[in-house]
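Sequence order for the protein chains is D and U. Under numbering that gives the first Met the number 0, read the first sequence as residues 0 to 271, first letter to last. Under numbering that gives the first Met the number 0, read the second sequence as residues 0 to 156, first letter to last. Even for Gly, the Cβ is constructed at its ideal location relative to N, Cα and C. Worksheet: the structure to be examined is printed underneath.
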Amino acid sequence: MVNGYKPTTLKEALSIRAGEKVIPYAGGTDLMVQNPKEAVYLFLNDIEELREIKEDDKYIRIGAAVTFTEALSSDLVPALMKEAVSRIAAPAIRNAGTFGGNIGNGSDKADSVLVEFAMGASVRLLSEKGERILPVREFCISRRVTAIRDDELIAEILLPKDKCSYSYYYQKVGGRNALAISRVAFAGAYDVRDGVIRDFSAAVLGSGGVFQRYKEIEDLIIGKTVDEFKANRDAYLSAYGEKLTFARGRVSAEYRKTVVLNLIRDYLESVG
Amino acid sequence: MNGIRFRLNGKDVCYEGSATDRLLDVLRDTYDMKSVKCGCKEGECGACAVLIDSVLYNSCCVAVGAVEAHEILTVEGFKETEQFKALSKAFAELSAVQCGFCIPGMVLASQALLMKNPHPTKEQVQEGLSGNLCRCTGYNAIVNAVLNASKEGDGLW
Numbered sequence: 000m001v002n003g004y005k006p007t008t009l010k011e012a013l014s015i016r017a018g019e020k021v022i023p024y025a026g027g028t029d030l031m032v033q034n035p036k037e038a039v040y041l042f043l044n045d046i047e048e049l050r051e052i053k054e055d056d057k058y059i060r061i062g063a064a065v066t067f068t069e070a071l072s073s074d075l076v077p078a079l080m081k082e083a084v085s086r087i088a089a090p091a092i093r094n095a096g097t098f099g100g101n102i103g104n105g106s107d108k109a110d111s112v113l114v115e116f117a118m119g120a121s122v123r124l125l126s127e128k129g130e131r132i133l134p135v136r137e138f139c140i141s142r143r144v145t146a147i148r149d150d151e152l153i154a155e156i157l158l159p160k161d162k163c164s165y166s167y168y169y170q171k172v173g174g175r176n177a178l179a180i181s182r183v184a185f186a187g188a189y190d191v192r193d194g195v196i197r198d199f200s201a202a203v204l205g206s207g208g209v210f211q212r213y214k215e216i217e218d219l220i221i222g223k224t225v226d227e228f229k230a231n232r233d234a235y236l237s238a239y240g241e242k243l244t245f246a247r248g249r250v251s252a253e254y255r256k257t258v259v260l261n262l263i264r265d266y267l268e269s270v271g
Numbered sequence: 000m001n002g003i004r005f006r007l008n009g010k011d012v013c014y015e016g017s018a019t020d021r022l023l024d025v026l027r028d029t030y031d032m033k034s035v036k037c038g039c040k041e042g043e044c045g046a047c048a049v050l051i052d053s054v055l056y057n058s059c060c061v062a063v064g065a066v067e068a069h070e071i072l073t074v075e076g077f078k079e080t081e082q083f084k085a086l087s088k089a090f091a092e093l094s095a096v097q098c099g100f101c102i103p104g105m106v107l108a109s110q111a112l113l114m115k116n117p118h119p120t121k122e123q124v125q126e127g128l129s130g131n132l133c134r135c136t137g138y139n140a141i142v143n144a145v146l147n148a149s150k151e152g153d154g155l156w
């Protein structure tokens with residue numbers, strides 16, 4: 000075909016990716032908004048190996064070309080991820096949009112990527128030379144910039160299985176219910192056992208450029224008893240208030256910060 | 000160079016242009032499928048919705064290369080079916096159409112919903128049509144039309 004390749008196996012796709020200047024195309028929902036005239040697409044939507052959701056001992060593995068609609072009907076995908084992707088756009092976009100595309104485009108408004116940050120997920124990249132597994136926080140460098148190399152394709156998103164059963168909190172704030180790009184969104188996951196907070200995360204979308212997650216604040220919380228945590232809740236909220244940064248954007252930074260801190264307060268009150 | 004082969008409303012076709020061309024433009028300009036409307040070209044309005052292998056997509060956000068070996072249905076093909084007739088009757092009876100621009104997309108979104116769920120609730124219809132914007136009727140008449148089609152066309156889906 001002219002200006003495109005449509006392999007049916009991953010091996011063939013990696014060979015084309017290594018040898019040609021191509022743009023990987025999964026669902027098209029972001030790419031086609033611009034559809035640059037000089038583009039040559041490497042269509043990945045019919046490669047079965049990229050369309051599977053599997054599990055092994057450590058991970059739930061979501062193929063890069065799995066659509067949001069497919070994830071919503073899978074028993075393997077955790078509830079926090081389902082909650083986030085169920086609120087993406089509308090059915091026709093969820094039927095096309097994929098996990099690989101959402102993170103591969105480097106959008107700082109990618110709803111599935113926020114959950115990947117909150118869950119400490121990784122990205123599995125493949126090239127003809129082999130594989131690399133990168134934490135999502137290292138893969139996403141800044142807006143529109145990722146750590147992918149010119150000969151690599153995103154193969155899978157790896158969600159740590161032990162975190163899939165955590166309690167969670169998710170909120171998206173957009174201009175309306177459907178077809179809304181997140182102004183801000185917040186995802187948190189935590190594990191409380193025997194009155195102790197064993198694990199805790201809080202991730203923010205909408206700061207303008209990067210997803211934010213602060214390990215140093217989470218470390219203050221992990222290991223605390225629920226009673227200790229509750230006694231210090233205001234201090235944790237203040238710590239987030241000091242750390243979180245918001246760049247100027249279409250919606251004012253002050254508004255976004257206020258909303259995010261409200262969501263974090265709500266989240267902290269829900270823990271324990 | 001080989002063309003891009005796909006099925007369009009039951010007929011095999013071969014597109015000789017660029018794989019990066021928007022399916023929306025290819026359907027309208029090359030194959031004269033004028034039911035497919037161009038509203039926003041960024042997946043925000045649903046006016047260009049088509050069914051690919053019975054699944055709803057916005058054709059503005061699909062490059063034609065992606066549909067090679069797949070089957071596309073537009074209203075031009077769908078209108079010969081009993082399901083279309085049930086939807087058409089319900090939309091007409093409830094005056095769910097004013098300017099009509101959004102309706103081909105609405106009808107195919109309704110078909111996609113009813114194929115998955117022949118007896119949807121009002122909320123499920125609203126969710127099923129949530130990607131299709133209408134700027135004239137308000138949505139109540141359209142939602143009620145889909146509910147009526149589901150009831151009166153019982154057994155068709």
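Query raised in the report: Which partner residues does F222/U have in the DSSP bridge list?
Result: Chain U is shown only over 0 to 156; residue 222/U falls outside these bounds and no answer can be derived.
Query raised in the report: Does the distance from the C-beta atom of A85/U to that of A148/U stay below 8 Å?
Result: In contact: A85/U and A148/U (Cβ atoms closer than 8 Å).
Report task. Measuring alpha carbon to alpha carbon, tell me which of V76/D, K256/D, R192/D, A64/D ends up nearest V172/D. Result -> When each option's Cα is compared against that of V172/D, the closest is K256/D.
Report task. Look at D110/D and V84/D and say whether their C-beta atoms are less than 8 Å apart. Result -> It is a contact, given that the beta carbons lie within the stated cut-off.
Query raised in the report: Are the region 98–118 of chain U and the region 35–51 of chain U touching, with three or more C-beta to C-beta distances below 8 Å?
Result: Per the Cβ contact rule, the region 98–118 of chain U is in contact with the region 35–51 of chain U (3 or more Cβ pairs under 8 Å).
Query raised in the report: Which chain D residues are close to V61/U, counting only those with a beta carbon under 8 Å from its beta carbon?
Result: Neighbours of V61/U on chain D, chain order: G27, M31, A95.
Query raised in the report: Taking the alpha carbon of L93/U as the point to measure from, which residue in Q82/U, R4/U, L146/U has its own alpha carbon closest?
Result: The shortest C-alpha separation from L93/U is found at L146/U.
**Report entry** Alpha-carbon spacing of S106/D relative to Y213/D, whole angstroms
**Finding:** Here the C-alpha atom of S106/D lies approximately 20 Å from the C-alpha atom of Y213/D.
Query raised in the report: Comparing alpha-carbon positions, which option in V39/D, N104/D, V112/D lies nearest L204/D?
Result: When each option's Cα is compared against that of L204/D, the closest is V112/D.
Query raised in the report: Should A64/D be labelled buried (16 or more other beta-carbon atoms within 10 Å of its own) or exposed?
Result: Flag for A64/D reads buried.
Query - R50/D, DSSP secondary structure in three states - result: Of the three classes helix, strand and coil, the one that applies to R50/D here is coil, per DSSP.
Query raised in the report: Is the CB of I141/U under 8 Å away from at least one CB in chain D?
Result: Chain D places no beta carbon closer than 8 Å to that of I141/U, leaving this residue out of the contacts.
Query raised in the report: So, A62/U versus G26/D, is the Cβ gap smaller than 8 Å?
Result: No.
Query raised in the report: From this set, D265/D, A154/D, Y58/D, M0/D, which residue's C-alpha is nearest P77/D's C-alpha?
Result: Closest by alpha carbon: Y58/D.
Query raised in the report: For A201/D, which beta-bridge partners are listed by DSSP?
Result: In DSSP, A201/D forms a bridge with G187/D.
Report task. Please specify which runs of the beta strand (DSSP E), each continuous and at least 3 residues long, are wholly inside the region 55–127 of chain U, giving them in chain order. Result -> Annotation: the region 55–127 of chain U contains the following complete segments of the beta strand (DSSP E) (minimum length 3 residues), in chain order: 70–72.
Report task. Grab me the residues of E67/U's own chain with a C-beta within less than 7 Å of its C-beta, minus the 5 sequence neighbours each way, in chain order. Result -> The beta carbon of E67/U is closer than 7 Å to those of I3, R4, F5 in its chain, skipping five residues each way along the sequence.
Query - Residue-level contact to chain U via CB, L178/D, 8 Å cutoff - result: Chain U, which has a Cβ nearer than 8 Å to the Cβ of L178/D, makes this yes.
**Report entry** the region 0–11 of chain U: positions lying closer than 9 Å to chain D by Cβ
**Finding:** Listed in sequence order: M0, N1, G2, I3.
Query raised in the report: Run through DSSP, which three-state label would S181/D get?
Result: In this structure, S181/D counts as coil in the three-state DSSP scheme.
Report task. Compare the beta carbon distance of P23/D and L49/D with 8 Å and say whether it is the shorter of the two. Result -> No. Outside cutoff.
Query raised in the report: Does K5/D get closer than 8 Å to chain U when you measure Cβ to Cβ?
Result: Under the 8 Å criterion on CB atoms, K5/D is classed as interfacial with respect to chain U.
Query raised in the report: Is the region 11–28 of chain U touching the region 32–42 of chain D in the sense that three or more CB pairs, one from each, lie closer than 8 Å?
Result: Judged by Cβ distances under 8 Å, the region 32–42 of chain D makes contact with the region 11–28 of chain U, as three or more pairs qualify.
**Report entry** Nonlocal neighbours in the same chain, by C-beta distance under 6 Å from G248/D, ignoring five residues either side
**Finding:** Excluding sequence neighbours, G248/D sits near G207.
Query raised in the report: Is there a Cβ from chain D that is less than 8 Å from the Cβ of E92/U?
Result: No - not a single Cβ of chain D is within 8 Å of the one on E92/U.
**Report entry** Three-pair Cβ contact test at 8 Å for the region 176–190 of chain D versus the region 96–104 of chain D
**Finding:** With fewer than three CB-CB distances shorter than 8 Å, the region 176–190 of chain D does not count as touching the region 96–104 of chain D.
Query raised in the report: Along chain U, in chain order, which residues have C-beta atoms closer than 7 Å to that of A38/D?
Result: Those within 7 Å of A38/D in chain U are T19.
Query - Three-way DSSP call (helix, strand, coil) for I147/D in this model - result: Secondary structure of I147/D (DSSP, three-state): coil.
Query raised in the report: What's the C-alpha gap between K108/D and R182/D?
Result: Spanning the two alpha carbons is a distance of roughly 8 Å.
Report task. Identify the contact partners of L146/U in chain D, using a Cβ-Cβ distance below 7 Å as the criterion. Result -> Chain D residues near L146/U: none, gap ~17 Å exceeds 7 Å.
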